[in-house]
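A.B. asks: The structure follows.
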Amino acid sequence: MKTIYRCLVLSGLLLSADNLIAQSPEKFIDKANMNTKVKPGDDFAEYANGVWVKNNPIPAKETRWGSFNQLRDFNINAVKTILEEVKLNQKSYPAGSIERRVADFYAAAMDSLAIEKLGFSPIKADLDQVNAISTKKEVLDALAQFRVSGIGSPLFGFGVAQDRKNVENMVPQLAQGGTTLPDRDFYLKSDIRSAKVQEVYKNYIKTLFELVGNSSEQAKANADLVFGLEKQLANAQMSRVEMRDPYKTYNKFAWNEFQQKTNEIDWTTFFAQLNVPKQDSILVSAPKFFEEVNRLVKETPINQWKVYLQWSILKGAAPNLSSPFVKASFSFSQLLTGQKVQTPRWQRMSSLTDGTIGELLGQLYVKNYFKPEAKERMKVLIENLRKAFEIRIQKLDWMSDATKQKALDKLHAFTPKIGYPDKWKNYDGLEISGDQYFQNLRNASVWGFKENVSQVGKKVDRSRWGMTPPTVNAYYSPVMNEIVFPAGILQFPFFDPKADDAVNYGGIGAVIGHEMSHGFDDSGSKYDKDGTLRNWWTDEDLNKFKAKTALLGAQFDAYTILDTIHVNGKLTMGENIGDLGGLNMAYEAFKLTEQGKSKKKIDGFTPDQRFFLSWAQVWRGTTLPETAAQLIITDPHSPNQYRTIGAPVNMDAWYEAFNIKPGDKLYKKPEDRIKIW
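Read in order, the letters of the sequence shown correspond to residues -22 to -1, 1 to 655 in mature numbering (1 follows the signal peptide of the UniProt record, and there is no 0).
If you want it as structure tokens, here you go:
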């Protein structure tokens, strides 16, 4: 179970180094990166970034390459510098200090010789324990034991999170799960790509079972069995588009009612084994999925469940065992992503350190790489964007005064978080050894689970962050009604204190506006100022809003990648609204600045042109075909080239800035330009 966040970009690996610092104010927008032979009205992405894309092919160890990746490159090398330094001085730090704990974790992760010697022994006892199961009760006990002991979360998702209709309450919640492939469609479709994915996935399962001693015949039978079970689970899962509707995924059952619907699982025992007290009610995101789980528990033989549970152990552990397992895991991911070579170990382990103990590492990161003046500048930018959004809401011609007031109340209630937490997570009780890599991961998983379930019945901790400080991303949380900007993203090309306002507002300003707009997208707009899932719209205003979003959905439905694969306008709706609202909001704020009111050119570009070019260079980049085909199914964000143009083509200011005329390929008639926020 994960808290719902509306993020700027899909999460990904941090990447290798490049100097991102512009050399002069003019070079914040560098003509050398542009293909000025193309008219901006025909292909704005190519005009703004064509030469850069041509000169920056995707590195072999990456699946995508662009501005985000370059900055992530810079950041992961910054993280590496910190980690290598503390590792070098590991023994000189006092036991229990931040530096010693970070050094111990990273040192153990980098000790590949020790990891090789262990082979698969770190999971042998777990596999043997599953092999000894002889009753259905023991199968069900394993569903809890896997979670408590840090092994994994087989069959379905479980976690403690805010009750969306009573946001001060932290409650246990159940969610669909149990599958391995990135989306249910990979199990259910029979097109050439899906069939290839299924074939390679089965071979991956077979390989891992062989690596722990099964015969080729048995391993193949296990692979067929696992895929068959997972396909049945996939068939019962809600689609990603359905899961975007917070009302569809909010299903509260009285305890006894849910127990009767899923009577094959003793939920009282399950919760007791997780050390969660029995509840009066339970939140379930996908009730039909759990009815299918109940059927499978009843009808599936114990020996098949044993294979499924062993697979759960294997797939979770493989990337962290000896090289045959790691290579098998990477070979499988290669099919999905097209990545040519494996990411270097130092990079994977640096990312893993950030992902596991990110608020220990984060304290060292901000001390070295985050400037206090950046935080102060961000505070000003956020308030300017908030003022701009207020102006835009008040000027809306399609919304009634009553709904406008509710929207303004929500806007004024936004809580911004910048850079890093005011109160750091200290991971009390988490044991980290300098020479036990796999055990460190298990300990962290056990600690994280305990920490999560301990929140039941407690007051919501509003100081918590959902991202670590080095992260190059940002998010909006609807239940917290907060916008969050980690230190990692507060760098060029998004933000630089030396850049002119056009660059900063077209970059980080649009990012701020994007996250604010998530509070008013097709999903976020269903939460009120307190973060409660509760309607605050009049019926007439809501219908007008839906009509406008339908137009935006149709615009993105028409875009294609790899010649024939269409963008899913419904899946990407929230992010597209975020981009459209955010860029409009940033432009409104920019026009309140001295530069925004002027016509003074820098390096031949007007302030408005620099604003839109800054936006475009944030989204420049390319993606491997295999990754692009996967993301179109799994990623709620539109492909970068369409994020570059999707909002500007609906803004009159963009047409005026670049003299876009009828006949230009991207031209839309004024009456067809979509205006929401």
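No residue lacks a Cβ here, since even glycine has one placed at the ideal position from N, Cα and C.
Remember, predicted model here, so these are calculated numbers, not experimental data.
1) Inspect the beta-carbon positions of residue 597 and residue 618 and report whether they are closer than 7 Å.
2) Since residue 614 contacts residue 552 with CB under 8 Å, what's their CB separation in whole angstroms?
3) Pull the bridge partners of residue 460 from the DSSP assignment, please.
4) What are the residues that DSSP puts in a beta bridge with residue 260?
5) With DSSP as the reference, label residue 595 as helix, strand or coil.
6) From the DSSP output, which residues share a beta bridge with residue 134?
7) Where residue 252 and residue 441 are concerned, what is the direct C-alpha to C-alpha distance, given to the nearest angstrom?
8) DSSP puts residue 344 in a beta bridge; with which residues?
9) Does DSSP put residue 80 in a helix, in a strand, or in coil?
10) With DSSP as the reference, label residue 302 as helix, strand or coil.
11) Would you list the residues sitting across from residue 651 in a DSSP beta bridge?
12) Going by DSSP, name the residue or residues bridged to residue 511.
13) With three or more C-beta pairs closer than 8 Å as the rule, is the region 419 to 433 touching the region 492 to 499?
14) Kindly indicate if chain D contains any beta-carbon less than 7 Å away from that of residue 413.
15) When burial is assigned at 16 or more other CB atoms within 10 Å of the CB, is residue 439 buried or exposed?
16) Go ahead and pull the three-state DSSP assignment for residue 208.
17) Expressed to the nearest angstrom, what Euclidean distance is found between the alpha-carbon atoms of residue 173 and residue 155?
18) Kindly indicate which three-state DSSP category residue 601 falls into: helix, strand or coil?
19) Nearest by alpha-carbon distance to residue 313: which of 607, 59, 408 is it?
20) Any idea which residues DSSP pairs residue 139 with across the strands?
21) For the alpha helix (DSSP H) containing residue 444, list its first residue and its last residue.
22) Would a C-beta distance cut-off of 7 Å place residue 391 and residue 526 closer than the cut-off?
23) Measure the C-alpha to C-alpha separation of residue 322 and residue 217 and round it to an integer number of angstroms.
24) DSSP state of residue 353, grouped into three classes?
25) With DSSP as the reference, identify every bridge partner of residue 249, one or two as the case may be.
26) Express the C-alpha separation of residue 601 and residue 378 in angstroms, rounding to a whole number.
27) Cβ of residue 495 within 7 Å of Cβ of residue 397?
28) Please state if the CB of residue 488 and the CB of residue 585 are separated by a distance shorter than 7 Å.
29) In this structure, what does DSSP give as the bridge partners for residue 43?
30) To the nearest angstrom, how far is the alpha carbon of residue 631 from that of residue 370?
31) Could you say which of 582, 580, 603, 565 lies nearest to residue 590 if we only look at CA atoms?
32) Using the C-alpha atoms, what's the distance from residue 38 back to residue 493?
33) Do residue 520 and residue 219 have their CB atoms nearer than 7 Å?
34) Once you ignore the five residues that flank residue 348 on each side, which residues in its own chain have a CB closer than 8 Å to its CB?
35) Taking C-beta to C-beta, are residue 451 and residue -15 nearer than 7 Å?
36) Using 10 angstroms around the beta-carbon of residue 44, count the other beta-carbons present and answer buried if the total reaches 16, otherwise exposed.
C.D. replies: Based on what the coordinates show:
1) Mapped onto the sequence shown, residue 597 falls at position 619. Mapped onto the sequence shown, residue 618 falls at position 640. Contact: yes.
2) If you number the sequence shown from 1, residue 614 lands on position 636. If you number the sequence shown from 1, residue 552 lands on position 574. With 8 Å as the limit, residue 614 and residue 552 qualify as a contact, their Cβ atoms being about 6 Å apart.
3) Residue numbering aside, residue 460 sits at position 482 when the sequence shown is read from its first letter. Residue 460 is bridged to 393, 455.
4) Indexing the sequence shown from 1 puts residue 260 at position 282. Listed as beta-bridge partners of residue 260 by DSSP are 231.
5) Sequence index remark: in the sequence shown, residue 595 carries index 617 (1-based). Of the three classes helix, strand and coil, the one that applies to residue 595 here is helix, per DSSP.
6) Along the sequence shown, one-based indexing puts residue 134 at 156. For residue 134, which the question treats as bridged, DSSP gives the partners 154.
7) Looking up residue 252 in the sequence shown gives position 274. Looking up residue 441 in the sequence shown gives position 463. Separation of residue 252 and residue 441 (C-alpha to C-alpha, rounded to the nearest whole angstrom) is 25 Å.
8) On the sequence shown, residue 344 is found 366 positions in, with the first residue counted as 1. Its beta-bridge partners do not exist; DSSP assigns none.
9) Taking the sequence shown and counting its residues from 1, one reaches residue 80 at position 102. It is helical.
10) Counting from 1 along the sequence shown, the entry for residue 302 is found at position 324. Helix, per DSSP.
11) One-based indexing of the sequence shown puts residue 651 at position 673. None, per the DSSP bridge assignment.
12) As a position in the sequence shown, residue 511 is number 533, starting the count at 1. The bridge partners DSSP lists for residue 511 are 505.
13) No contact exists between the region 492 to 499 and the region 419 to 433.
14) Absence of chain D from the displayed structure is noted, only one protein chain being present.
15) Numbered from its first residue, the sequence shown carries residue 439 at position 461. Per the 10 Å Cβ criterion, exposed.
16) Position 230 of the sequence shown, counted from the first residue, corresponds to residue 208. DSSP places residue 208 in helix when its eight states are reduced to three.
17) Here residue 173 refers to the residue found at position 195 of the sequence shown. Here residue 155 refers to the residue found at position 177 of the sequence shown. When rounded, the distance between both Cα atoms is 21 Å.
18) As a first step, residue 601 must be located in the sequence shown, where it is residue number 623. Residue 601 sits in a strand when the DSSP states are folded into three classes.
19) By one-based count along the sequence shown, residue 313 stands at place 335. Residue 313 has its Cα closest to that of 607, out of 607, 59, 408.
20) Here residue 139 corresponds to residue number 161 of the sequence shown, with the count starting at 1. When DSSP reads this structure, residue 139 sits in a beta bridge with 149.
21) Working through the sequence shown from its first residue, we reach residue 444 at position 466. Note, residue 444: premise wrong, no alpha helix (DSSP H); not H, not E.
22) For the purposes of this step, residue 391 is taken as residue 413 along the sequence shown, with counting starting at 1. For the purposes of this step, residue 526 is taken as residue 548 along the sequence shown, with counting starting at 1. For residue 391 and residue 526, no; Cβs fall outside 7 Å.
23) Here residue 322 corresponds to residue number 344 of the sequence shown, with the count starting at 1. Here residue 217 corresponds to residue number 239 of the sequence shown, with the count starting at 1. In this structure, the CA atom of residue 322 is about 35 Å from the CA atom of residue 217.
24) The residue labelled residue 353 in the question sits at position 375 within the sequence shown. Note: residue 353 maps to helix in three-state DSSP.
25) Here residue 249 refers to the residue found at position 271 of the sequence shown. The partner list for residue 249 (beta bridge, DSSP) is empty, contrary to what the question assumes.
26) As a position in the sequence shown, residue 378 is number 400, starting the count at 1. As a position in the sequence shown, residue 601 is number 623, starting the count at 1. If you take the alpha carbons of residue 378 and residue 601, they lie about 43 Å apart.
27) Within the sequence shown, numbered from 1, the residue matching residue 495 stands at position 517. Within the sequence shown, numbered from 1, the residue matching residue 397 stands at position 419. For the 7 Å CB-CB criterion, residue 495 and residue 397 do not form a contact.
28) What you label residue 585 is simply residue 607 of the sequence shown in a count that begins at 1. What you label residue 488 is simply residue 510 of the sequence shown in a count that begins at 1. Cβ distance not < 7 Å, so residue 585 and residue 488 don't count as in contact.
29) Locating residue 43 in the sequence shown gives position 65, where the first residue counts as 1. Bridge partners of residue 43: 600.
30) Reading the sequence shown from its first residue, position 653 is the one you call residue 631. Reading the sequence shown from its first residue, position 392 is the one you call residue 370. Straight-line Cα distance between these residues: approximately 15 Å.
31) In the sequence shown, the residue the question calls residue 590 occupies position 612. Ranking 582, 580, 603, 565 by CA distance to the CA of residue 590 puts 565 first.
32) As a position in the sequence shown, residue 493 is number 515, starting the count at 1. As a position in the sequence shown, residue 38 is number 60, starting the count at 1. In a straight line, the C-alpha of residue 493 is about 32 Å away from that of residue 38.
33) If you number the sequence shown from 1, residue 520 lands on position 542. If you number the sequence shown from 1, residue 219 lands on position 241. No, these two residues do not count as a Cβ contact at 7 Å.
34) Your numbering for residue 348 matches position 370 in the sequence shown. Within the same chain, 397, 398, 447, 465, 468 come within 8 Å of residue 348 by CB-CB distance, once the 5 residues on both sides are set aside.
35) Along the sequence shown, one-based indexing puts residue 451 at 473. Along the sequence shown, one-based indexing puts residue -15 at 8. Yes; because the gap between Cβ atoms is below 7 Å, this pair is in contact.
36) Translated into the one-based positions of the sequence shown, residue 44 becomes position 66. Answer is buried; the Cβ neighbour count reaches 16.
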